[in-house]
Amino acid sequence: MTLSCGIEANLDEMQGGIIPQHTSPDEATGQSTDKEEDDNRSEPSADGAAETSNKNIDEPPIGEASGEGNETTDDGTDKPEDRGSDSHSDDPHTGRNSARSVSGFSSPVRRRSYGSPRSSPPLSPADSHVTISPEEYPDDLPPSFPWHRPTSKSKEAWEWQKTNWKLSNKALEGLMRKVGLETAKARLLEINTFVEVAKRQKVRWSEDNFNTTFIGNPGTGKTTVAEIYAKFLLEIRVITNSDFEKTTAAELISNGPLEIDRIGSRLEWGGVLLVEGAQDLVWHGSNSSNQSLKLELLFSTMKRLRGTAVIVFTGYGKRMEDLPAQHAAYSTTIPNTIRFPDYEDYELHRILIQCLKSRFKRHPLEIEDGNYGVFLRIVARRIGRGRGKDGFGNAREVQNAVTRILTRQANRLFLEEKSGKLTDDHFLTQEDLLGPPPTSIFDNSKAWKKLNDMIGLQAVKDTIKALIYRLQINYERDLAEKPLVECSLNKLFIGNPGTGKTTVAKLYGQILTEIGLLSKGDVIVKSPSDFVGSAIGHSEQNTKSILDSAKGKVLIIDEAYGLAGSSTGGRHLESADSFRGAVIDTIVADVQSTGTEDRAVLLLGYRERMESMLNETNPALARRFPLASAFVFENYTHDQLGQILDLKLKEQGFKASGITKKVMMEALDRTRSRPGFGNAGEVDILLDRVKLRQQQRLSNSSGGGNTDAFEPVDVDEAYDRADRDTGNIRRLFSNYFGFESVIEKLETYKHVVMNSRALNRDPRENIPFTFLFCGPPGTGKTSAAKEMGKVFCDMGLLATKEILEHSASDLIGEYVGHTGPKTKKVFTAALGRVLFIDEAYMLGEGSFGREAMVEIVNTLTLDRFRNQLVTILAGYEPDINKLMAINPGLTSRFPVVIHFNPLSMSHCVDLLLHTLKLRGLDTSSLEFSKKYSNSLEVSFEKLTLLPSWGNARDVQTLASAIHMSILGARTGQPSLVVSEEIVMNQITTMTRERRTRAPTTRSPRRERLSTGPPLREHAQMNMMPPPPKLHTTKSTNMIEIKSASQKSLDSNQTAPEINPAMNGEDTASAPGPMSSNKRISHDLAAPYVPGDVLRDPGVSDAVWEELQLDKAAARQRQNQLVISRQMVAELGRQASEAQRMIAKGTMTAEWSQKLKTIQSKLWEATDELERLEEAAAEETRIQKLLRGKCTVGFNWTRQAGGWRCEGGGHFISFDQMRNSFSGE
């Protein structure tokens, strides 16, 4: 039979049950299947194209019944058996012979002739053709009904022509009775009018170009109208042959020129060629030239057939708009365009009623609230919410909705009959039509129960619960026919690996399926590489294909931040990023923020990188996936991991004693600080390792054992390390000398950890994880860091005892924007370990070094890094102090300073003997000679006075030389006894070599401190910078770091204030106690120029160079004082300005906020200025006390161990000052 929508169907197939999936979605709507998508309502015109739009049509038409029973088909044409099938005579209007074409054309072109019966099995009487009237709205609907009988200007015009011009056209008549299609009706009516006028004018119309492009989404009737168009053109004698050839653009492309020639030969005598999926003719890749040649051949063939055959292209999407640009002749060869807009809600409603009536023709359905009630209107509106999007299925979406409705009905009937209730197979309830209320899942959903039973994830559970309540609100607003609150199913899943994101995604899909928002609920997992193509246009195609395949499902894009490409760090890889950008643009265009999309797209990844992606890519992506509504998967807590461990042990049939579980949990806690901590996945890894060790233990045991139980040694052979006495720490350092202070700190930390755990507290909050190691080379800084890693690992605070050694240069970038990611990469790799950064002074040199320093401060503040690794900055004590002064934030981040003093003479002797013993040499002859021991100490004292002395490093070098000397003896069997002569000879040789190099080669430290860029930078500090501006410069509080030997003095000692007059400032305008001080020619305030202060006789180069650097530091402190005064003055001025603006009432709220910010900075700057003023006053007092101690009258400069006059010849230590001036 023929459905009300105009497509034939077998009546028996409509009797009940679920609509077969192979049935065309358009069989209930009058729209034929095609492969096109897109709704482009704009109407470009080119080359005089005759193009129509629904803009000039007031209302889409309603369908009409033919009322003729079996006499006509649904489109108004004669039944096939009533049509002639032989030949046509010459047409007096067209002037051409209408002979039929020869049959026999092969696949893939599908051929249909309207002049002969279809080659289909004979129909039974029950299946004979009948016409079902399209559903019209009754006249007696209440005023509250939102949709009313529309009028069609096209139909009115056609009725006028039939009445006044006595016209008839069965194809046009059939089209007028269909739902919607107003633009197509208007265009065909326009052609019909044109032909009628041409007849009256007695002119030919067959030479005009009737080739047309149909543009519209799937299910809008393009193929059906194309078939009607062919019949229409045949009736008005534009074509004289009824052949209707049907193919696709993909087939034309794949089969090449031969296929085009064959199509041309089949249409030699006329007909219509329908090319579906014409958007596939648009190609931007390497095959574009090849496709252009195929289009050239196709258009040349159509040009040859002009006046005989008509071609119709159908397609959808934005690529259809690009189709004319593929070939210059397109616009002239196919000048006409008909656009097929998506169906409006009332049209979808009519189609829905028709589908249900046609399907249940013999036994009509009864619908709760009726065909025109609110429930069916809600179904139509839900379908219509996808309108306007590329690929919206229109009538096909109605078909899918009917399938879901009948599926819900079937499930309900089954459950009711199973429980013994009476049922009605032909009744649709509210729940059948709309699905259950969202909040019903709290009582009935297995998926919701399983989600609630999962360990942890409370934030995720709360978020899903809030989403369900929001969906319930929309459900109720739907029933009230009110606008919905926007509620997207697309979400961000933010969290680390192993936190249950994929499991929750599956349950999320099941929940959405149960409440009717997803039709399937399956989960598809993809990564960014699955979307990115290798050529232009491929990324869009891949993304579109994946999104289409996810209809009705949950699509997971794991590590979605990969879609941002290289923009999140490092230099841009522009070509690769453009492909990724195309993926994001396609997702933005295809994914909507509605709850009726029948698809849920989930982006998974780490918070920091996901935020970066949303900030740096298409801004619309953040609107599609708002961070505020993200599902946040927190790391499992210690107790939650314990629950997971118990659960997995039970599932796998293993047992573990209390001590064994404790050791397991300690092992899991250690892995928590490691990069990429896997949460629940770490439990699986741990159990796999424990099972392997258990098997090894049992295989080595002669007596066997319990295969179902784990022992502590299966988890960790040294499982009791945390409970051992602190003597273990001293044993670790047994091979080192002078480490007493380090040992004492580590023993204290161990007690803190043990006591914290005894009190059930987190020990990480009570011990430091950042250290400053200050000392000259060879004093054991690196060795102490290695042993510290072992201690922290034994305490369960680090995942491994490994140490990552880096120079500060490894953190400093080579170009702008390189330093931050480079520093972050180093810290990320060091998670769970010890990070040892040597030569830390380089962090204070140059803009890139200071950028790295700022990045360190910021990184150590983040939760991901705080107390998750041990960070050590190492270097000379003066360098570390200056580094801390450059960025005060480092001081608070590195509160613990460990001083590594040069080895004493006795330690040098002990270390040498110990090292020789470790090499297997006999030192007994040296150990018991006090005279020899004293002689060694004297020799070492001479070595330590040399500028290149390397402490323990040089002791190791000396031991190697002694060992080599013994092994290099040429006296037969060498003796392993170390004699005094060999030792003294090697010490003498080393002393001689070092003295020889000393005058010409300075130590690396002295070389660095003497000349070069660092010194020039210090000199430049005397150039006074302009007053700082609040909006561009952040106040830097320079904090001076004291060495251990300085702690006996007041901690606020600083250099005297700089004289403002020296820098071109008016002394009256420079407040402060020192503004009127007079200085001699070599005053500290004057810029240092070598030679402006005479060098005292006997002052070594090393002492003089160190003095110049300390003088430069003093000038820096003086400049800082002036800058601080200027900062306070500027902030005070800005505070006054803000108060004035507030008093005027200008932007009061904004200025009030600014005033709070300015006052906060002003208080900080004032506190800093007071500190600097106090320090300057104290230094002035000390300068007065020291005046006269230098015979020349030079000022004094503070150094590491005391004060030295500027000539260099006089030095007073802090101890001497305390003894000499204790009463003053």
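Mapping the sequence shown onto the UniProt record's numbering, position 863 (from 1) lands on 863, and the numbers just tick up by one.
Beta carbons are placed, not taken as given, at the ideal position from N, Cα and C, and that holds for glycine.
The structure presented is a predicted model; accordingly, all values stated were derived computationally and were not measured.
Would residue i be called buried (16 or more neighbouring beta carbons within 10 Å of its own) or exposed?
{"i": "R381", "result": "buried"}
{"i": "W1196", "result": "buried"}
{"i": "H349", "result": "buried"}
{"i": "L936", "result": "buried"}
{"i": "T996", "result": "exposed"}
{"i": "D954", "result": "buried"}
{"i": "D714", "result": "buried"}
{"i": "N490", "result": "buried"}
{"i": "G705", "result": "exposed"}
{"i": "I907", "result": "According to the sequence shown, residue 907 is His rather than Ile. It is buried - the Cβ of H907 has at least 16 other Cβ atoms within 10 Å."}
{"i": "E417", "result": "exposed"}
{"i": "G516", "result": "buried"}
{"i": "A600", "result": "buried"}
{"i": "L141", "result": "exposed"}
{"i": "G1208", "result": "buried"}
{"i": "T967", "result": "The sequence given here places Leu at residue 967; Thr does not occur at that position. Its Cβ having fewer than 16 others within 10 Å, L967 is exposed."}
{"i": "N444", "result": "exposed"}
{"i": "K1156", "result": "exposed"}
{"i": "T859", "result": "buried"}
Roughly how many angstroms separate the alpha carbons of residue i and residue j, rounded to a whole number?
{"i": "R693", "j": "L686", "result": "11 Å"}
{"i": "S933", "j": "L1107", "result": "36 Å"}
{"i": "S87", "j": "T151", "result": "Confidence at S87 is low in this model, with a pLDDT of 37, below 50, so its placement is unreliable and no value can be given for it."}
{"i": "T29", "j": "A184", "result": "Confidence is the limiting factor: at T29 the pLDDT is only 40, short of 50, which leaves the residue's position unreliable and the question unanswerable from this model."}
{"i": "I982", "j": "S948", "result": "23 Å"}
{"i": "T301", "j": "L234", "result": "21 Å"}
{"i": "residue 1229", "j": "E540", "result": "Examination of residue 1229 is not possible in this model, given that the chain is present from 1 through 1224 alone."}
{"i": "S741", "j": "R1171", "result": "31 Å"}
{"i": "L1174", "j": "T1180", "result": "One point to set straight first is that residue 1174 is Glu, not Leu, in the sequence displayed. If you take the alpha carbons of E1174 and T1180, they lie about 10 Å apart."}
{"i": "T748", "j": "V896", "result": "13 Å"}
{"i": "Q956", "j": "A784", "result": "16 Å"}
{"i": "V523", "j": "T337", "result": "40 Å"}
{"i": "R624", "j": "S488", "result": "8 Å"}
Measuring alpha carbon to alpha carbon, tell me which of the options ends up nearest residue i.
{"i": "V203", "options": "I228, E416, V238 and E173", "result": "V238"}
{"i": "H963", "options": "I383, L912, V312 and G393", "result": "L912"}
{"i": "T861", "options": "S975, T770, L921 and G780", "result": "T770"}
{"i": "Y606", "options": "I441, E368, Q326 and F493", "result": "F493"}
{"i": "P143", "options": "K153, Y372 and E251", "result": "Y372"}
{"i": "L918", "options": "H806, I1142, V601 and A959", "result": "A959"}
{"i": "T915", "options": "F836, L451 and F737", "result": "F737"}
{"i": "F194", "options": "T314, L167, I378 and A680", "result": "L167"}
{"i": "L305", "options": "Q279, V282 and L273", "result": "L273"}
{"i": "K446", "options": "I383, V402 and L512", "result": "L512"}
{"i": "G817", "options": "A852, G435 and T1148", "result": "A852"}
So residue i packs on residue j, CB below 8 Å; how close in whole Å?
{"i": "A157", "j": "L189", "result": "6 Å"}
{"i": "S673", "j": "L869", "result": "7 Å"}
{"i": "R994", "j": "L946", "result": "5 Å"}
{"i": "K781", "j": "A874", "result": "5 Å"}
{"i": "G813", "j": "K822", "result": "5 Å"}
{"i": "A680", "j": "D716", "result": "Incorrect: roughly 20 Å between the Cβ atoms, too far for contact."}
{"i": "M788", "j": "V753", "result": "14 Å between Cβ atoms; not a contact."}
{"i": "N169", "j": "N192", "result": "6 Å"}
Consider the C-beta atom of residue i and the heavy atoms of the ligand SAM; say whether any pair is separated by less than 6 Å.
{"i": "A401", "result": "By its list of ligands, the structure shown contains no ligand whatsoever, and the ligand SAM lies outside what it can speak to."}
For residue i and chain C, any beta-carbon pair shorter than 7 Å?
{"i": "H363", "result": "In summary, chain C is missing from the structure at hand, where a single protein chain is found."}
Requested in this report: Decide yes or no for the touch test of the stretch 460-478 against the stretch 543-561: beta carbon pairs closer than 8 Å, at least 3 of them.
Outcome: Under the Cβ criterion (8 Å, minimum of three pairs), the stretch 460-478 does not count as touching the stretch 543-561.
Query raised in the report: Any chance the stretch 580-600 sits against the stretch 556-566, with 3 or more Cβ pairs inside 8 Å?
Result: Touching, per the Cβ criterion.
Query raised in the report: Are at least three pairs of beta-carbons, each pair with one atom in the stretch 203-220 and one in the stretch 380-396, less than 8 Å apart?
Result: With three or more CB-CB distances shorter than 8 Å, the stretch 203-220 counts as touching the stretch 380-396.
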